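Worksheet: the structure to be examined is printed underneath.
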Amino acid sequence: MKQELLRILRDVFRSAGYSVNESSRYDLIAEKDGYKTIIKFGSDPDMSDLKFFADQVLEGIGLYVSTTDVDPDVKLYGEDLGLIIWERDEVSMHIGRAVLADIEGTASELELVRAPSAYSSGRSRLSETSEPRPFSDVFRGTVVSTREGVTPSYHCATPAFPLAEVMVPAHAVDSVHLELQAAPLKLTKDRAAAMGKPHVQTVQAVILKLVPFWRYSYSLKVEKKYRSKIIDISGEGVGYLNALNGSISNIAITEVSNVLELPDNDYELKTQIITHAQAKDSILNMLIDEHTKDLRFDDTKGEAIISEHKRFKPAVEDINLRIDLVYVPIWEVKGPRNSVELNAHTAEVLTHPVDDDVEFI
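Take 1 as the starting number for the sequence shown in this note's numbering and just add one per residue.
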C-alpha cells in the first residue's frame with residue numbers, strides 16, 4: 001500500500017515540475033525552485049509521531065501524508081510545529097488537481113505545497129472553491145481504476161487507500177533516484193529474466209529488491225611473544241555481512257555511489273534486521289577466530305621430546321574495524337516452483353538466497 005501511494009504521489013509531483021528523490025531517512029524529498037519538501041507517509045498519527053517527524057526536518061518544509069483522517073487536535077499540533085498535514089480527502093484532492101492541471105497544460109504552474117503561513121491562510125479559500133470530489137469527476141474522463149469489488153469512500157477512517165492506479169501522463173514517469181549508498185544497477189530486467197529462465201523453466205515474475213549489507217574493512221597487526229619466539233598475527237581485508245539474516249556473504253561489489261538510479265519505481269526496499277552493534281560483534285568474533293593460531297612447540301629434555309600446544313589470538317582492541325551500510329540491487333526471477341536471484345550490479349547468479357523468503361531448489 002505504501003509503495004503504491006509513493007508511486008502515485010511521486011508521479012504527480014514530477015508532473016508539477018518537482019524533482020523527486022527517495023531517501024533512507026525520509027520517504028520522499030521533492031524540490032522545486034530551490035525549495036525542498038520533506039514528505040513522510042503514515043496513518044492515524046499522534047502528537048509524538050508528528051513531533052518526531054518535525055525534529056527530522058532540518059531544511060525546507062515537512063509534509064505528513066496520512067491515509068486516514070487525523071484527529072483535529074493532533075493536526076493543529078502538527079501545523080503549530082510548522083508541518084503541512086494532508087489527510088485522506090486532501091490527498092485525493094491534490095492528486096486530482098495535479099492530473100487536471102496536466103491535462104490543461106498548466107501543471108508546471110501548479111503549487112502543490114506552500115509555506116506554512118500561506119498554507120494556513122489559503123486553506124479556507126481552497127476549501128470554498130475545491131471541494132474534494134471522487135476521482136472520476138475530477139479527472140474528466142481520465143482513466144481511474146480501483147480494486148475490484150471496492151467502493152471508494154473518502155470519509156471512512158481506514159488505512160486502506162482505495163485507488164490502485166492513477167493514469168498520469170507518460171512523460172511524468174521517469175527514472176528514480178534514491179539517496180542510498182548502493183552498488184549501481186547494471187543488469188536490466190529483461191536480461192535478468194533471460195538469465196534466470198534456465199533455472200526456473202517458466203518465468204512468472206521478475207522483482208527488483210534493494211538488499212542491505214554491512215560492509216566492513218579491517219586491518220590487524222599484533223605480535224605475541226612466547227619464550228624466545230615472536231608470533232606475528234596480521235591481516236587486512238574487506239567483506240560483507242547480510243543485514244537481513246546476519247550471514248557473512250561473498251556478494252561481489254566493485255563500486256558504490258551515494259545515489260542509486262533505477263529505471264522505474266517498481267522495487268522493494270528491504271529494511272535491515274541486523275543492527276550496527278550486532279554486525280560489529282559478529283564480525284569481530286569471526287575475525288578473531290579467523291586469525292587465531294594454534295601452534296605446537298617441541299622441546300627436548302634428554303632423550304625425551306616434549307610437545308606443547310599454545311593458542312594465540314588477537315584481542316578486540318587489536319583490530320581496526322570500519323563498518324557502513326551498503327545496498328545491493330538484486331533481481332529475483334520467480335518460477336512456478338522456485339526462484340533464482342541475480343546480482344543486478346555484476347550479473348552474477350547467486351548460489352545462496354539473500355532473503356529468507358526466497359526458495360531455491
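Note that the Cβ used here is the ideal one computed from N, Cα and C, for glycine as well. Treat the numbers as computed from the prediction; the structure is a model and nothing was measured.
### Message
Using C-beta distances below 8 angstroms, list every residue in its chain close to HIS94, excluding the 5 sequence neighbours before and after it, in chain order.
### Response
As a position in the sequence shown, residue 94 is number 94, starting the count at 1. The residues are VAL12, TRP86 and LEU112.
### Validate contact between the segment 336-346 and the segment 191-205 using beta carbons, cut 8 angstroms, 3 pairs
yes
### With 16 other Cβ atoms within 10 Å as the buried cut-off, status of LYS40
Here residue 40 is taken as the residue at index 40 of the sequence shown, counted from 1. Under this definition LYS40 is a buried residue.
### Query
For the beta strand (DSSP E) that contains ASN285, what are its first and last residues?
Counting from 1 along the sequence shown, the entry for residue 285 is found at position 285. From DSSP, ASN285 is part of no beta strand (DSSP E) but of the alpha helix (DSSP H) over 276-290.
### Query
Is DSSP giving GLU317 helix, strand or coil here?
Here residue 317 is taken as the residue at index 317 of the sequence shown, counted from 1. In the displayed model, GLU317 falls within a helix according to three-state DSSP.
### Task
Determine the burial state of ASP232: buried for a count of at least 16 other Cβ atoms within 10 Å of its Cβ, exposed for fewer.
Reading the sequence shown from its first residue, position 232 is the one you call residue 232. By the 10 Å Cβ count, ASP232 comes out exposed.
### Task
Count the C-beta pairs between the segment 180-187 and the segment 308-318 that are closer than 8 angstroms, then say yes if the count reaches three, no if not.
no
### Query
Using 8 angstroms as the threshold, is the segment 297-305 in touch with the segment 245-264, meaning 3 or more CB pairs across them?
Short answer: they don't touch.
### Query
Anyone know if the C-beta pair for LEU9 and ILE38 falls short of 8 angstroms?
Residue numbering aside, residue 9 sits at position 9 when the sequence shown is read from its first letter. Residue numbering aside, residue 38 sits at position 38 when the sequence shown is read from its first letter. No, they are not a contact pair.
#### Entry: Simplified DSSP assignment, three categories, for THR351
The sequence position of residue 351 within the sequence shown is 351, counting from 1. The answer is coil: DSSP assigns THR351 none of H, G, I, E or B.
### Message
Measuring straight from C-alpha to C-alpha, what distance separates LEU269 and LEU241?
### Response
Walking along the sequence shown from the start, residue 269 turns up at place 269. Walking along the sequence shown from the start, residue 241 turns up at place 241. Annotation: LEU269 to LEU241 spans about 17 angstroms, alpha carbon to alpha carbon.
### Query
Leaving out the 5 sequence neighbours to the left and right, which residues in its chain are closer than 8 angstroms to SER19 when beta-carbon positions are compared?
Taking the sequence shown and counting its residues from 1, one reaches residue 19 at position 19. Closer than 8 angstroms at the Cβ level, and outside the excluded window around SER19, lie ALA30, GLU31 and LYS32.
### Task
With ARG215 as the anchor, note down where its beta strand (DSSP E) starts and where it stops.
As a first step, residue 215 must be located in the sequence shown, where it is residue number 215. Residues 205-226.
### Task
Could you tell me if ASP50 is buried or exposed, where buried requires 16 or more neighbouring beta carbons within 10 angstroms of its beta carbon?
Start at 1 with the first residue of the sequence shown, and residue 50 comes out as number 50. Per the sequence shown, residue 50 should be read as Leu rather than Asp. Buried, since its Cβ has 16 or more Cβ neighbours within 10 Å.
### Task
Work out the CA separation of GLU104 and PHE135 for me, nearest whole Å.
Counting from 1 along the sequence shown, the entry for residue 135 is found at position 135. Counting from 1 along the sequence shown, the entry for residue 104 is found at position 104. A caution first: PHE135 carries a pLDDT of 34, below 50, which makes its placement in the model too unreliable to give a value.
### Message
Just to check my reading of the structure: ASP55 and VAL74 have Cβ atoms closer than 8 angstroms, yes? What is that Cβ distance to the nearest angstrom?
### Response
For this step, residue 55 is matched to residue 55 along the sequence shown. For this step, residue 74 is matched to residue 74 along the sequence shown. Not really, about 16 angstroms apart at Cβ, beyond 8 angstroms.
### Query
Under a Cβ-count criterion, where at least 16 other Cβ atoms within 10 Å of its own Cβ denotes burial, should ILE230 be classed as buried or exposed?
The residue you call residue 230 lines up with position 230 of the sequence shown. Classification of ILE230: exposed, given that the 10 Å Cβ count is below 16.
### Where ILE330 falls, given that 16 or more other Cβ within 10 Å makes a residue buried
Taking the first residue of the sequence shown as position 1, residue 330 is located at position 330. A residue is called buried once 16 or more other Cβ atoms fall within 10 Å of its Cβ, and ILE330 is buried on that count.
### beta strand (DSSP E) segment containing ASP298, residue limits
For the purposes of this step, residue 298 is taken as residue 298 along the sequence shown, with counting starting at 1. Unbroken beta strand (DSSP E) run through ASP298: 293-301.
### Residue interval of the beta strand (DSSP E) (run including SER339)
Position 339 of the sequence shown, counting from 1, holds the residue named residue 339. Residues 339-343.
### Query
Going by Cα to Cα distance, which pick from ILE253, LEU287 and ASP318 is closest to LEU325?
Your numbering for residue 325 matches position 325 in the sequence shown. Checking every option, the nearest Cα to that of LEU325 belongs to ILE253.
### Query
Taking the alpha helix (DSSP H) that LEU76 falls in, what are its first and last residues?
Position 76 of the sequence shown holds residue 76. Start and end: 72-80.
### Message
Could you tell me the alpha carbon to alpha carbon distance between LEU5 and GLY60, rounded to whole angstroms?
### Response
Within the sequence shown, residue 5 is the residue found at index 5, counting from 1. Within the sequence shown, residue 60 is the residue found at index 60, counting from 1. One C-alpha to the other measures close to 22 angstroms.
#### Entry: Reduced DSSP secondary structure (H/G/I, E/B, other) of VAL113
For this step, residue 113 is matched to residue 113 along the sequence shown. DSSP places VAL113 in coil when its eight states are reduced to three.
### Task
Can you give me the Cβ contacts of ARG322 inside the same chain, cut-off strictly under 7 angstroms, excluding the 5 residues immediately before and after it?
Counting from 1 along the sequence shown, the entry for residue 322 is found at position 322. Non-local beta-carbon contacts of ARG322 in its own chain, meaning distances under 7 angstroms to residues more than five positions away in sequence, involve TYR216 and SER217 in chain order.
### Query
If you count every other CB in all the chains shown that lies within 10 Å of the CB of LYS209, and 16 or more means buried, which is it?
Residue mapping note: residue 209 aligns to position 209 of the sequence shown, counting from 1. Buried: at least 16 other Cβ atoms inside 10 Å.
### Query
Taking C-beta to C-beta, are MET206 and GLY335 nearer than 8 angstroms?
Residue numbering aside, residue 206 sits at position 206 when the sequence shown is read from its first letter. Residue numbering aside, residue 335 sits at position 335 when the sequence shown is read from its first letter. For the record, residue 206 in the displayed sequence is Val; it is not Met. No, Cβ-Cβ distance for VAL206 and GLY335 is not below 8 angstroms.
### Message
Judging by CA-CA distance, which residue of SER92, GLU261 and TYR226 is the nearest neighbour of GLU22?
### Response
Residue mapping note: residue 22 aligns to position 22 of the sequence shown, counting from 1. For GLU22, the closest alpha carbon among the candidates SER92, GLU261 and TYR226 is that of GLU261.
### Task
For THR351, I'd like the list of residues in its chain whose CB is within less than 7 angstroms of its CB, leaving aside the five on either flank, ordered along the chain.
Stepping through the sequence shown from its first residue, residue 351 is reached at position 351. In its own chain, leaving out the 5 sequence neighbours on each side, no residue places its CB closer than 7 angstroms to the CB of THR351.
### Query
Going straight from the alpha carbon of LEU244 to that of SER282, what length do you get?
One-based indexing of the sequence shown puts residue 244 at position 244. One-based indexing of the sequence shown puts residue 282 at position 282. Going by the C-alpha atoms only, they are around 14 angstroms apart.
### Message
According to DSSP, LYS40 sits in a beta bridge with which residue or residues?
### Response
Translated into the one-based positions of the sequence shown, residue 40 becomes position 40. DSSP output for LYS40 lists TYR64 as bridge partner(s).
### Message
By the three-class DSSP mapping on this structure, what secondary structure does GLY237 have?
### Response
Indexing the sequence shown from 1 puts residue 237 at position 237. Correct three-state label for GLY237: strand.
### Task
Quick one: residues in its chain with C-beta nearer than 6 angstroms to the C-beta of ALA347, no 5 flanking neighbours on either side, listed in chain order?
Taking the sequence shown and counting its residues from 1, one reaches residue 347 at position 347. Closer than 6 angstroms at Cβ, skipping near neighbours: LEU187.
### Query
What are the partner residues of ARG97, as DSSP defines its beta bridges?
As a first step, residue 97 is located in the sequence shown; it is residue number 97 there, counting from the start. Answer is none; ARG97 lacks a bridge partner.
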